[in-house]
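Residue numbers (the numbering used here), protein chains in the order written: chain A, 1 to 231; chain B, 232 to 724.
All C-beta atoms in this analysis are idealised placements derived from N, C-alpha and C, irrespective of residue type, glycine included.
From a predicted model like this one, the values you see are computed outputs, not experimental measurements.
Beneath this line is the structure, given in structure tokens, with notes to follow.
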């Protein structure tokens, strides 16, 4: 589904990402872990065509992301606050994002209804603009918007950050449910080893821009990861 | 010791901000403008000091100057209210450190004392004090007089700071303040009372009885204390940053959603303008710019068929459009990643921007129809320039908007705010005004100004005809430059 070939990106002489080959299959939730500066966000940004690759390509369903825009219809994403329009209310934001994804007003309402548990009554109907929401509620807004419009793939960068413990477990549940019922494949980066081992079927460890480990999640994955990152 | 640390940090903040480092040309221009203003103030002050007794027609030389000063303070109050930035020491970093609250507040307030307007007052009053007041009353009195005037000035300074902290600048407060000033002027005009004479009498009384000079000193101390108390009570993060939740303005334009994706983008831009401080203050300025013609159109001295009128015409109907389209992308800098990773077709995105820009011109043109009162020729100028704005300047500014690589920080007011602007802005703005004049002038020189107007409007119509081609160029350019823009926008200052 996603094929990465010989992808390289460097900033002022320092290589921040260098992946010879990596393919991500449909239906296999893909986790990305690594210390700060390992290249997680850079990889996601290249995947979404937000930065220009120095070399190599990312192919989504047969299309090079830098040369076509068709893949945008199959992908939802939330990387950081650069995806939020802070002067809109959450409702207006969902409406705008939904419309860009070709949803009708009815579709959007039904979608938001299905998200009520995840929002925990703190996002909708509060008569607040997104910039007046707490970090956690902004995060919920962005994550939910990424899942709108039945995408095949959802890319989330550190989704567990700033969420409260209850919402973290709700997000785990939500991701698993979306994977099973809607066939969405998630690409998730995180520092939270517990959660990522829980929701991902395959975990790649990045180190200084290169793939250091590629693990199919099993019983002892968490131990392996903890051992890898232990000092 | 602590004060030195604060000053040090403030200087570092100013020097290391990216805008200072990157747009040297713009800063040179600003310094140049400030320099000109100061030079003019010095010239004016010398003129007043040496020639006031000739300029004034009154026999009471000093009293008539006091009357002038009375209105100077009113004007200073108004200008400060709209233009002056509140002194803000970024307090957040310091609040968790063992630093006394009072030290933070005093530093913040004293920093507010040193500003451009206070400097202008000092320049204006000093020569007069020693030349004129000193001549009539003696040098010692001149010193006291000058000190008194400066205390008046500082009182106004802190009054403005307090009022601005107390109220938000919105249509209501602006109209209340303008209304009060208008009432003050109207009262004097109709002779109910004479504010400037009352003020002059007060100063004269103080010149006779020096102890009265303590009054301005005490009022200054009082206003400073009010400020201090106010800030002291407010010195909690939540109250300083976001005391109130913003209102969701702009929902009344919801019908735009019926026009599909283009309508959605237009609606988003309307909300952007109505809900952010910086764009909102530009909207407040817009009526003033529409009224700009009132200065020039009624005056027969300005030749009706001169190039200057073209400039005014372009300015009146184009000011808001130029501002909107030049920053069409930079305004969206904070969520640019969403825009380029979304499914919004670039084609529709560009079209929506052009339609909104053109609509703004049409509305401006419509609102300035009353200028017809000053003659048909004005209507022709306004129409020709509006067409030129829509047909040519709108697509050109949007094309060059993609060279603005700094996201605008929208949460700060627009007066004196050059964050995110660059020399690029001036490189576009100047030709934007020069081009139509260059097109028009040859016709005027050959004695056919009417044909010049017709040509200007015609070129605008032609531009409108070729708009799809223009839109395509903008689209391709945007596609080429999107990575560079995204990278620039991600860099928060």
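By a C-beta neighbour count over all protein chains shown, 10 Å radius and 16 as the cutoff for buried, is residue i buried or exposed?
i, result
"residue 229 (chain A)", "exposed"
"residue 21 (chain A)", "exposed"
"residue 634 (chain B)", "buried"
"residue 613 (chain B)", "buried"
"residue 521 (chain B)", "buried"
"residue 696 (chain B)", "exposed"
"residue 464 (chain B)", "exposed"
"residue 195 (chain A)", "buried"
"residue 454 (chain B)", "buried"
"residue 121 (chain A)", "exposed"
"residue 458 (chain B)", "buried"
"residue 13 (chain A)", "exposed"
"residue 242 (chain B)", "exposed"
"residue 573 (chain B)", "buried"
"residue 306 (chain B)", "exposed"
"residue 587 (chain B)", "buried"
Once the 5 residues before and after residue i are set aside, which same chain residues still bring their CB inside 7 Å of it?
i, result
"residue 10 (chain A)", "16 and 54"
"residue 293 (chain B)", "363, 364 and 367"
"residue 623 (chain B)", "690, 691 and 694"
"residue 132 (chain A)", "none"
"residue 302 (chain B)", "427"
For residue i, collect the residues of the same chain with a Cβ closer than 6 Å to its Cβ; drop the 5 residues on either side in sequence, then sort them by chain order.
i, result
"residue 517 (chain B)", "551"
"residue 42 (chain A)", "9, 16 and 17"
"residue 567 (chain B)", "717 and 720"
"residue 451 (chain B)", "382, 385 and 386"
"residue 609 (chain B)", "528 and 602"
"residue 2 (chain A)", "24 and 60"
"residue 469 (chain B)", "With a pLDDT of only 47 at residue 469 (chain B), under the threshold of 50, the placement of this residue in the model should not be trusted, and no figure is reported."
"residue 240 (chain B)", "none"
"residue 615 (chain B)", "684, 687 and 688"
"residue 419 (chain B)", "425 and 426"
Leaving out the 5 sequence neighbours to the left and right, which residues in its chain are closer than 8 Å to residue i when beta-carbon positions are compared?
i, result
"residue 63 (chain A)", "70 and 71"
"residue 498 (chain B)", "481, 484, 485, 487 and 488"
"residue 129 (chain A)", "86, 87, 88 and 89"
"residue 74 (chain A)", "60, 61, 151, 152 and 153"
Going by DSSP, what residue range makes up the alpha helix (DSSP H) through residue i?
i, result
"residue 698 (chain B)", "698-721"
"residue 613 (chain B)", "607-619"
"residue 506 (chain B)", "491-506"
"residue 191 (chain A)", "Where residue 191 (chain A) is concerned, there is no enclosing alpha helix (DSSP H), given that its DSSP letter is neither H nor E."
"residue 431 (chain B)", "426-439"
"residue 384 (chain B)", "370-397"
"residue 157 (chain A)", "From DSSP, residue 157 (chain A) is part of no alpha helix (DSSP H) but of the beta strand (DSSP E) over 153-157."
"residue 142 (chain A)", "135-146"
"residue 527 (chain B)", "524-527"
"residue 632 (chain B)", "625-632"
List the endpoints of the continuous beta strand (DSSP E) containing residue i.
i, result
"residue 57 (chain A)", "55-60"
"residue 78 (chain A)", "75-78"
"residue 21 (chain A)", "14-24"
"residue 9 (chain A)", "2-11"
"residue 231 (chain A)", "Where residue 231 (chain A) is concerned, there is no enclosing beta strand (DSSP E), given that its DSSP letter is neither H nor E."
Would you verify that the beta carbon of residue i is, or is not, closer than 8 Å to some beta carbon of chain E?
i, result
"residue 633 (chain B)", "Judged by its chain identifiers, the structure shown contains no chain E, and its protein chains are A and B."
For this session: Using a Cβ-Cβ cut-off of less than 7 Å, list which residues of the region 496-514 of chain B approach chain A; keep chain order.
Result: 499, 502, 503, 506 and 507
For this session: Closer than 9 Å, Cβ to Cβ, to anything on chain B: give me those residues from the region 33-61 of chain A, in chain order.
Result: 45, 48, 49, 50, 51 and 52
Exercise. If you pair each beta-carbon of the region 682-691 of chain B with each one of the region 654-665 of chain B, do three or more pairs fall below 8 Å?
Worked result: no
Problem set entry | Three-pair Cβ contact test at 8 Å for the region 29-46 of chain A versus the region 199-209 of chain A | yes
For this session: Please list the residues of the region 100-133 of chain A that have a C-beta atom closer than 8 Å to any C-beta atom in chain B, keeping them in chain order.
Result: 100, 101, 102, 127, 128, 129, 131 and 132
For this session: Count the C-beta pairs between the region 595-606 of chain B and the region 554-571 of chain B that are closer than 8 Å, then say yes if the count reaches three, no if not.
Result: no
Exercise. Got a sec: which bits of the region 707-723 of chain B sit with their beta carbon under 9 Å from any beta carbon on chain A, in order along the chain?
Worked result: 713, 714, 715, 717, 718, 720 and 721
Exercise. With a cut-off of 8 Å, do at least 3 Cβ pairs link the region 411-428 of chain B to the region 327-347 of chain B?
Worked result: no
Problem set entry | Stretch-stretch touch, CB-based, cutoff 8 Å, three pairs: the region 153-169 of chain A with the region 97-105 of chain A | no
Exercise. Any chance the region 134-144 of chain A sits against the region 80-97 of chain A, with 3 or more Cβ pairs inside 8 Å?
Worked result: yes
Exercise. What residues from the region 548-573 of chain B come within 8 Å of chain A, judged by C-beta to C-beta, listed N to C?
Worked result: 565, 566, 567, 568, 569, 571, 572 and 573
Problem set entry | Interface residues of the region 83-95 of chain A facing chain B [CB-CB below 7 Å] | 83, 84, 85, 86, 87, 88 and 89
Problem set entry | Near-chain B residues of the region 3-18 of chain A (beta-carbon distance less than 8 Å), N- to C-terminal order | none
Exercise. Quick check: the region 697-705 of chain B against the region 574-590 of chain B, are there 3 or more CB pairs under 8 Å?
Worked result: yes
Problem set entry | Interface residues of the region 334-349 of chain B facing chain A [CB-CB below 7 Å] | none
Exercise. In chain order, what residues of the region 574-592 of chain B put their CB closer than 9 Å to some CB of chain A?
Worked result: 574, 575, 576 and 577
Exercise. For the region 174-199 of chain A, which residues have a beta carbon sitting closer than 8 Å to at least one beta carbon of chain B?
Worked result: none
Exercise. Can at least three beta-carbon pairs, one atom from the region 426-435 of chain B and one from the region 297-305 of chain B, be found at a separation below 8 Å?
Worked result: yes
Problem set entry | Interface residues of the region 65-76 of chain A facing chain B [CB-CB below 7 Å] | 72 and 73
For this session: Pull out every residue of the region 368-385 of chain B whose Cβ sits closer than 9 Å to any Cβ of chain A, in chain order.
Result: none
For this session: Please name the residues in the region 426-446 of chain B whose beta-carbon is closer than 7 Å to at least one beta-carbon of chain A, in chain order.
Result: none
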